[in-house]
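*Asks:*
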Amino acid sequence: MDRSTNRTKRVEEAENLGLQSGSKMKTASVPSQGSPRRHPGPGTEMTLMTPRARPNHPQGRKRRWETTLGSPASSRSSLTPLRSLKVMAISSSPRGTNPAVTTPVPSPGIKVIKLPRRDFHCFICGIKVMGVWTLNRHFNLKHRLAKILYMCRICEKIETNCHSIACHIPKCKGSKSPVKGAKECDLCKASFNTTRGLSQHKRHRHPAKWNSKKIKERFTVKEGSRRVPAGHGNQESFLHKLNRAEVIQMRSPNPSTPERGATMPRNDTKTGTGSPGDGHGMKWGKQLRQEERRPVLSKDDKMEKMWHLVGELDCQDSTLVLEMINDIEYDGQTTDEVANEMIQAMGTKPKPPQKSQKSPDKGAKWQSMSSKRRRIEKVSRYKSCQNLYKSDRSTLAGQILDGKETMKCKIPIEVIYGTFRDRWEKGNEFISLGDFVSTTGSDDGDLWKPITPKEVMKVLNRRKENSAPGPDGINKTTLKKWDKDGSTMAREYTRWLIQGSVPETFKKCWTSLIPKSSNECELKDVSYWRPITIGSIILRLFDGIMTKRLSKFCPMNRRQRGFLEGANGCAENLMVLDKIIKRARAKRRPLAVVLVDFAKAFDTVSHDHILAVLRQRGIDNLAYDVIKDSYINCTTAICCGGTRSELIKMKVGVKQGDPLSPLLFNLAMDPLINKLEVSGRGLEWDGERIATLVFADDLVLVCGSMNDMFYQLRTLEEFCRLTGLKVQPKKCYGFTIARGMVNAEGPIILDGQPIQMVNPGQSVKYLGVQVGPDNGITAPDICSMLELWLTNVSEADLKPSQKIEILNTYTLPRVLYQAALGKVSRGVLGTMDRMVRKKVKSWLHLEQTVNNGLLYSRNKDGGLGIIRLDRMIPALRLKYIWKMCFSDDGWSRQVAKEMTKQPEWKTLWKQAGGKSDELPEVQENADGGDAEPTKLDLPDWRTEENMAWAKLKIQGAGVGMFKNDKISNTWIRNPEKVSFEQKHYLMGLTMRAGVTPARNGIPGGTGWRKDDCRRCNMKNESLAHILGQCGYMKRNIIRRHNKICEDLENEMMAHGWTVIKEPKLRDAGGHLKIPDMVGLKEGTALIIDVTIRYEMEEFPLETAAEEKINKYRPLGKVVKEMFAAKRVKIRGFPLGARGKWPSCNNPILEEIGLSDIRKRTFSKFMSRRVLLYSTDILRGFMSD
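For the sequence shown, UniProt numbering begins at 1 and goes up steadily by one.
1. Compare the Cα-Cα distances from ASP686 to each of LYS458, GLN894 and ARG942 and report the closest residue.
2. In this structure, how does DSSP classify SER916 when only helix, strand and coil are distinguished?
3. According to DSSP, is GLY682 helix, strand or coil?
4. Quick one: give me the first and last residue of the alpha helix (DSSP H) that PHE695 is part of.
5. Taking the alpha-carbon positions, what's the GLY618 to LYS649 distance?
6. Kindly confirm or deny that the stretch 561-570 and the stretch 463-476 touch, where touching means at least three C-beta pairs closer than 8 Å.
7. Please classify SER438: is it buried, with 16 or more other beta-carbons within 10 angstroms of its beta-carbon, or exposed?
8. Taking DSSP as the reference, what is the three-state secondary structure of ASP861?
9. At what residues does the beta strand (DSSP E) containing PHE980 begin and finish?
10. List the residues that DSSP assigns as beta-bridge partners of LYS649.
11. Under 8 Å Cβ to Cβ from ALA1068, same chain only, skipping five residues before and after it: list those, please.
12. Can you list the beta strand (DSSP E) stretches of 3 or more residues lying completely in the stretch 508-584, in chain order?
13. Going by DSSP in three states, GLY1132 sits in which element: helix, strand or coil?
14. Would the beta-carbon of LEU401 fall within 8 Å of that of TRP905?
15. If you measure between the beta carbons of ILE532 and GLY657, is that distance less than 8 Å?
16. Got a sec, what are the start and stop residues for the beta strand (DSSP E) MET151 sits in?
17. Can you give the beta carbon distance from ILE474 to MET346, rounded, assuming they're within the 8 Å contact cut?
18. Could you have a look at ILE1037 and say whether DSSP puts it in helix, strand or coil?
19. If you count every other CB in all the chains shown that lies within 10 Å of the CB of MET1122, and 16 or more means buried, which is it?
20. Assuming ASP698 is part of the beta strand (DSSP E), what are its boundary residues?
21. How many Å lie between GLN357 and LEU388 at the Cα?
22. Pick helix, strand or coil for ILE748, following the three-state DSSP scheme.
23. Would you call the stretch 732-741 and the stretch 552-559 in contact, with 3 or more CB pairs under 8 Å?
24. Which of the three DSSP states, helix, strand or coil, is assigned to HIS121?
25. Give the range of the beta strand (DSSP E) segment to which LEU1086 is assigned.
26. Contact between the stretch 709-728 and the stretch 590-600: three or more CB pairs below 8 Å?
27. Looking at the strands, I want to know which residues DSSP matches up with GLY734.
28. Would you check if the stretch 198-206 and the stretch 160-168 touch, i.e. whether three or more CB-CB distances between them fall below 8 Å?
29. CB GLY822 to CB PRO773, shorter than 8 Å?
30. Could you please give the first and the last residue of the uninterrupted beta strand (DSSP E) stretch that includes LYS1081?
31. Would you identify the three-state DSSP class for GLU688, choosing helix, strand or coil?
32. Where LYS26 and ILE110 are concerned, what is the direct C-alpha to C-alpha distance, given to the nearest angstrom?
33. Below 8 Å on the Cβ atoms is my guess for ASN969 versus GLY862; work out the distance and round it to an integer in Å.
34. Do SER801 and GLY724 have their C-beta atoms within less than 8 Å of each other?
35. Would you call the stretch 1016-1030 and the stretch 1164-1171 in contact, with 3 or more CB pairs under 8 Å?
36. Among THR478, ALA397, LYS524 and ARG1035, which one has its Cα closest to the Cα of GLU805?
Below you can see the structure in the form of structure tokens.
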């Protein structure tokens, strides 16, 4: 294949990508040496010359004249990046014409510029442009409609970005000419010199085809002189042996289990008896009889034991609770009667489910409406959106971001009721735990302690304010008003523990449905709706206390990372799995991975299963009885579409939405995890063995061979048969890696069915992140998702400040998880940041050149507090890895410590803004053990953004004065809370950024201009001049000053001061001085003069206060004699024109007599008032 053939193929590629295939190929005319340079004539297509190529390069001295290929003119934004395109199309302006233009000139086709350049003139307008980046900027400003590509002159690589080609040229090794006997790819016709090069090409460019070919070669053996597939000769394949059910091998360290060569016993699922002679039925029957003979403690026994424990601990709060229980006489009342009295005392009534409101249709009906009717519907839709924003922002954010106005379930209530009734009221399928053993529990002393008021208030305060009430209508606010210190609830909860029962009133629940998907077709199926069961907040509060106590007594297996306090289980499991896959591929070690999907695990786990685990752990009767009773006669009703179904008895499953449910489910899964981990199977890595990765019901099996994987799957099947849990083989995924090949061992069988195999080039979602056998974690296409979300927020019926709130609180946090764990590149993060900045500035009516410090600085520093993704994502990954270094799991620690020694750790640190000499390292103790957990000090990128903003001359003027000032910046986060209208909010932000559309307020802040004011023709027109010195606005400036004085006078009079406004006083020299006010109270005279100055670091407001004090100091004796005052105090009261409240005003408020709370409130009020008056001045100046 010669060079001309390569060029022909590249032209064909260009034609396939939409270029004009029939365009003529023209050769550029070459000017003679020494002749004057002339611009090309009309229609002439020529090459853009650049300076000489590198002389030392093999092809550096060659000069070739390039042909061009035209294409239809189209916008540059529609141009698709062509990474493999090898074509150029160059056109130029008419010869001899004036090249100077001021508007974008449309171009007829794609222009390809070869680098290094040999001609320094623009081929469109003829202007001489020297640098490559200068030429690129010239095209962006003058010829925006032109479609430009950049080509390496040596190897003909093409990119849309000039920077990429400029960086490529020094490293370019030239195009490789084919040699005799070259290997050609039969899939893409690429040629290579060696067989290994061709094999590597197929492995990376065509992984599926390469993998299939390798698998076929592996399972083909030589027999004589011909090749036959394995299994058709005298040998039986390894896969066929493993898939035979009668030879499945099991191994367990327990002596009672069969040896490795024995078959697994088959048990009767109904009677629980084993096969003859296996002994398992006798063992299970013995275990059940022991459970029946479990000692039962009476109420008096429990009370006596609790008193004994409290006496040993000498706990005063617990003693008071027990004394209250003894002192209060219940007159034979049951716990249910007491519970009903509590509900009546709180004055709440059960609230019926709210009916769903139908949103207006925007389809054909909207088009057929009259203009008046459309305006009415538009206003109605806006009011509905505003009401939902005030009442439930999270629901509104979900509707906006997912592109759905409503996510209500449209399935008939009868169908939903029947589905969940069959699921929750089905018979108990639990047999026994068999040989599956839980982790040993710890000391149960905390379980016997009486519940104290401190525990109640601690758990109650941690609940959200808008937490949904249960059927009794009691919410957090009602409960705190009724029992302010938690003593009454502590007494009742302790009484529940002693009696071992929960009132029947609190066992009634509601169940609402939330969607698992945004696909409308999938949402027609009940299985794509997750039931959230909500009981009374009184019971949820009690379960929260019990969860905290049981967590200490019931430690989980270290492989279970779900719902653990202080651990990020998702990040740990994903990073460990990613490391396992990459290590297996790098070291060519065998690996088998299976992602198990349980069928409705939370809804189908048996109550007997949970109780058996609690008994196995040795939990005492105090907690066991109350947990058992909480699920006896527990009922719920499905609430959907404003209707409520009949009651359903919850005979199986845990209540999703209850604080105790995650712990109970983890306890139910713990015996399976222990069995899989101690089986001796799994994957070994530097002395550590791992068999599972678990997050609640998300189970991943990891093994080093297929034999071990089939054993683990049989163990899983046995656990499900004994406990009643089900797996869904059709929704389970797996893959194997052996000798660089994927899925060479054939399908994996689970529960008699093959699971779905993940082939090369494919990935499966695990914990919200795509994972595949090629490179582990796969980066998601999150850029398009963010673009869609930003568009939805832009089109929503929200105010600008509300859009910022939805962006900060709900939109960007969606991105953080997937971007941090999905390993999104820094380039993509930068693109996403630019998208966010562009949208935010358009929402706020700001110029795109406004400094980014306004967006990224904290609210208390005067910024909007928006997340910068290219800084936050690396910081999050650093935190995840650092926290894993101190995990209680050995595998997580080992993986994290290895990651801190890789170059990626240093790269992430630099991307987060850190310095190379400050790179954190994990310290170890002198004995080689792990050090104590330490906090990772991450670079403060928000402070860096604020400092860069403050360095600007125009936009950064006075920015440093607002740093760490919560009083002056209180209106930025929530302007509606402080009665700020949106016009004042937008104007306030532009004033804070220093880019108000004044003649001197040039976006970018390059320097001060000395233009005269357009209104008063004096001084330079700047924001400081307009707000304080402009003669045209003098009346408004005086009005602002008087309003501030009036507010201060009213506050002084409210605290008993007699205020004299603007007294005309003469000092000892006879000079007339008029302070703003003189306050008199109890022999004290307070002289105050108000001044409003523009905030600038070189002229601080404290200096203005000193100026006022020095000015009116000569009036001290005069005022003392005139008003017979014992003490005279002179104070300056400065305020910033943009709302700055200086700290020097706080002593004045103390002298007036304001309390700490009132002082803070009044200072915020004065700061906002000044800002509002300044916005009115600016609006008046800009109005015609």
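Note that the Cβ used here is the ideal one computed from N, Cα and C, for glycine as well.
*Replies:* Judging by the given coordinates:
1. Translated into the one-based positions of the sequence shown, residue 686 becomes position 686. For ASP686, the nearest C-alpha among the options comes from GLN894.
2. Here residue 916 corresponds to residue number 916 of the sequence shown, with the count starting at 1. Helix, per DSSP.
3. Walking along the sequence shown from the start, residue 682 turns up at place 682. GLY682 falls in the coil class under three-state DSSP.
4. For the purposes of this step, residue 695 is taken as the residue at position 695 of the sequence shown. It is not in any alpha helix (DSSP H) - PHE695 instead sits in the beta strand (DSSP E) that spans 692-695.
5. Here residue 618 refers to the residue found at position 618 when the sequence shown is read from its first residue. Here residue 649 refers to the residue found at position 649 when the sequence shown is read from its first residue. Approximately 28 Å between the Cα atoms of the pair.
6. no
7. As a working mapping, residue 438 is identified with position 438 in the sequence shown. The residue is buried, with at least 16 neighbouring Cβ atoms inside 10 Å.
8. Numbered from 1 along the sequence shown, position 861 holds the residue referred to as residue 861. Three-state DSSP puts ASP861 in a helix.
9. For the purposes of this step, residue 980 is taken as residue 980 along the sequence shown, with counting starting at 1. In the DSSP assignment, PHE980 falls outside any beta strand (DSSP E) and carries neither an H nor an E.
10. Here residue 649 is taken as the residue at index 649 of the sequence shown, counted from 1. In DSSP, LYS649 forms a bridge with THR635.
11. In the sequence shown, the residue the question calls residue 1068 occupies position 1068. Answer for ALA1068: PRO1114, LYS1117 and VAL1118, listed in chain order.
12. 508-515 and 529-534
13. Here residue 1132 corresponds to residue number 1132 of the sequence shown, with the count starting at 1. Strand.
14. Within the sequence shown, residue 401 is the residue found at index 401, counting from 1. Within the sequence shown, residue 905 is the residue found at index 905, counting from 1. It is not a contact, given that the beta carbons lie outside the stated cut-off.
15. Numbered from its first residue, the sequence shown carries residue 532 at position 532. Numbered from its first residue, the sequence shown carries residue 657 at position 657. The answer is yes: Cβ separation under 8 Å.
16. Locating residue 151 in the sequence shown gives position 151, where the first residue counts as 1. Run containing MET151: 147-152, per the beta strand (DSSP E) assignment.
17. Translated into the one-based positions of the sequence shown, residue 474 becomes position 474. Translated into the one-based positions of the sequence shown, residue 346 becomes position 346. The Cβ separation is near 6 Å, so the contact holds.
18. Locating residue 1037 in the sequence shown gives position 1037, where the first residue counts as 1. ILE1037: helix per DSSP, three-state reduction.
19. Within the sequence shown, residue 1122 is the residue found at index 1122, counting from 1. Answer is exposed; the Cβ neighbour count stays below 16.
20. As a position in the sequence shown, residue 698 is number 698, starting the count at 1. Counting along the chain, the beta strand (DSSP E) containing ASP698 begins and ends at 698-703.
21. What you label residue 357 is simply residue 357 of the sequence shown in a count that begins at 1. What you label residue 388 is simply residue 388 of the sequence shown in a count that begins at 1. Bear in mind that the predicted position of GLN357 carries a pLDDT of just 41, short of 50, making it unreliable; the figure below should be weighed with that in mind. Between GLN357 and LEU388, the C-alpha separation is close to 12 Å.
22. To locate residue 748, count along the sequence shown from 1; it is residue 748. The answer is coil: DSSP assigns ILE748 none of H, G, I, E or B.
23. no
24. One-based indexing of the sequence shown puts residue 121 at position 121. Strand.
25. For the purposes of this step, residue 1086 is taken as the residue at position 1086 of the sequence shown. Unbroken beta strand (DSSP E) run through LEU1086: 1084-1093.
26. Cβ pair count under 8 Å is three or more, so yes.
27. As a first step, residue 734 must be located in the sequence shown, where it is residue number 734. Answer is VAL594 and MET757.
28. Contact between the stretch 160-168 and the stretch 198-206 is absent, because fewer than three Cβ pairs lie under 8 Å.
29. Working through the sequence shown from its first residue, we reach residue 822 at position 822. Working through the sequence shown from its first residue, we reach residue 773 at position 773. Contact flag unset, no.
30. The sequence position of residue 1081 within the sequence shown is 1081, counting from 1. Where LYS1081 is concerned, the enclosing beta strand (DSSP E) stretches over 1077-1081.
31. The count along the sequence shown starts at 1 and reaches residue 688 at position 688. Of the three classes helix, strand and coil, the one that applies to GLU688 here is strand, per DSSP.
32. The sequence position of residue 26 within the sequence shown is 26, counting from 1. The sequence position of residue 110 within the sequence shown is 110, counting from 1. Any reading at LYS26 must be qualified, since the residue scores a pLDDT of 35, below 50, and its modelled position is unreliable; no value is offered.
33. As a first step, residue 969 is located in the sequence shown; it is residue number 969 there, counting from the start. As a first step, residue 862 is located in the sequence shown; it is residue number 862 there, counting from the start. Between GLY862 and ASN969 the Cβ distance is about 5 Å, and since that is below 8 Å, they are a contact.
34. By 1-based counting over the sequence shown, the position of residue 801 is 801. By 1-based counting over the sequence shown, the position of residue 724 is 724. The answer is no: Cβ separation not under 8 Å.
35. no
36. Along the sequence shown, read from residue 1 onward, the residue named residue 805 stands at position 805. The option with the nearest alpha carbon to GLU805 is ALA397.
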